[in-house]
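Engineer: The following block contains the structure, expressed as structure tokens.
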Amino acid sequence: MKILALLLAAIAGTATAADCGPDKLNTERTIVLKREGAAYGTQQHSALPLGDKEVVLTFDDGPSPENTPLVLKALADQCARATFFMEGRNLRQSPDLARRVVSEGHSAGIHSDTHPHLPTLSPEQQLDDLALSRAAYKAVFGVETPAYRFPFLEETPIMLAALKQANITVASIDMAINDWIPEDTTEILAQRLNQSLDKAGRGIILMHDANGPTAKALPTLLKVLKHKGYKVVHLEWEKAQ
Ligand SMILES: [Zn+2]
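Residue numbering for the sequence shown is -17 to -1, 1 to 224, as defined by mature numbering (1 follows the signal peptide of the UniProt record, and there is no 0).
See the structure below:
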């Protein structure tokens, strides 16, 4: 606790420059995944080929007109690239913002259409939700989504089979910061990130760009990564045929 408080105090004094010099978090390298319906993230599947202290930044539930621009600003300030898992309903609401995310160098996948608890739906309803979100993605980006993250990470056999057949990567996670509580402060989120990093050591981090406290805390969270010696790896996918 005390060490983190000192760390946060040190971070608060750091000036922000416009370039991507060594004082920034930066993006260390990019992994380009095949469109082959693989599944990654050790909470449910195999690990991505990452080294010690390499992390992949991921953001769910957007795009959100209120919060996603703050997340984009924080990432740009640190020259860090991320992957956004977007809901179909939000893609239909904010297509320009979704395209802005990708035009700023980030990658995008889908995160269902309306964020249902898929195991409570019939197989037909589950596949309908997938079809709607895929159509929303294609309407906005002009290509098929390369990746899918399950809402609440709740997987079902019918969805796993459908995603595999469509060559869509299932993106689970290796660690999270449990960022959905509106009262969370930047310090609490930074503490959770600190603990998750110490426990997992590498992997895919789940955050939420639609969550106000996360968007507000992100400049600090990225500096926690930098100060702890973590490197950002960006996920991309091969171009669709
Ligand atoms: Zn979600």
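Think of the CB as a built atom: it goes at the ideal place given N, C-alpha and C, for glycine as much as any other residue.
Could you give the distance in angstroms between the alpha-carbon of residue 211 and the alpha-carbon of residue 111?
Structural biologist: Cα to Cα, the separation comes out at about 43 angstroms.
Engineer: Got a sec? Which residues, its chain only, sit under 7 angstroms from residue 169 by beta carbon, not counting five neighbours each side?
Structural biologist: 199, 200, 203
Engineer: In chain order, what are the residues with a CB under 7 angstroms from some non-hydrogen atom of ligand 1?
Structural biologist: 43, 44, 94, 98, 134, 135, 191
Engineer: Assuming residue 42 contacts residue 158 (C-beta within less than 8 angstroms), just tell me the rounded distance between them.
Structural biologist: Contact doesn't hold; Cβ gap of about 14 angstroms is too wide.
Engineer: Figure out for me which residue from 2, 195, 69, 145 has the closest Cα to the Cα of residue 94.
Structural biologist: 69
Engineer: Under 7 angstroms, do residue 130 and residue 154 count as touching if we go by C-beta distance?
Structural biologist: Yes, these two residues count as a Cβ contact at 7 angstroms.
Engineer: Taking the straight line between their C-alpha atoms, what separation do you get for residue 96 and residue 222?
Structural biologist: 23 angstroms
Engineer: Can you give the Cα-Cα distance for residue -2 and residue 142, rounded to whole angstroms?
Structural biologist: Unreliable positioning characterises residue -2 in this predicted model, as indicated by a pLDDT of 39, which lies under 50. The coordinate reading is nonetheless provided below. Cα-Cα distance, rounded: 44 angstroms.
Engineer: Between residue 185 and residue 6, what straight-line distance do the alpha-carbon atoms span, to the nearest angstrom?
Structural biologist: 21 angstroms
Engineer: Round the Cβ separation of residue 20 and residue 150 to the nearest angstrom and send it over; I've been treating them as touching at under 8 angstroms.
Structural biologist: Beta-carbon to beta-carbon, residue 20 and residue 150 are separated by about 5 angstroms, close enough to satisfy the 8 angstroms threshold.
Engineer: Taking the C-alpha atoms as reference points, what is the distance between residue 196 and residue 175?
Structural biologist: 13 angstroms
Engineer: Measure from the alpha carbon of residue 2 to the alpha carbon of each residue in 180, 60, 35, then state which is nearest.
Structural biologist: Put simply, of 180, 60, 35 the residue whose alpha carbon is nearest the alpha carbon of residue 2 is 60.
Engineer: Look up residue 214 in the DSSP assignment and say whether it is helix, strand or coil.
Structural biologist: Three-state result, residue 214: strand.
Engineer: Which residue spans inside the region 95 to 161 form an unbroken alpha helix (DSSP H) run of at least 4?
Structural biologist: Listed in chain order, the complete alpha helix (DSSP H) runs (minimum 4 residues) inside the region 95 to 161 are 106 to 124, 140 to 148.
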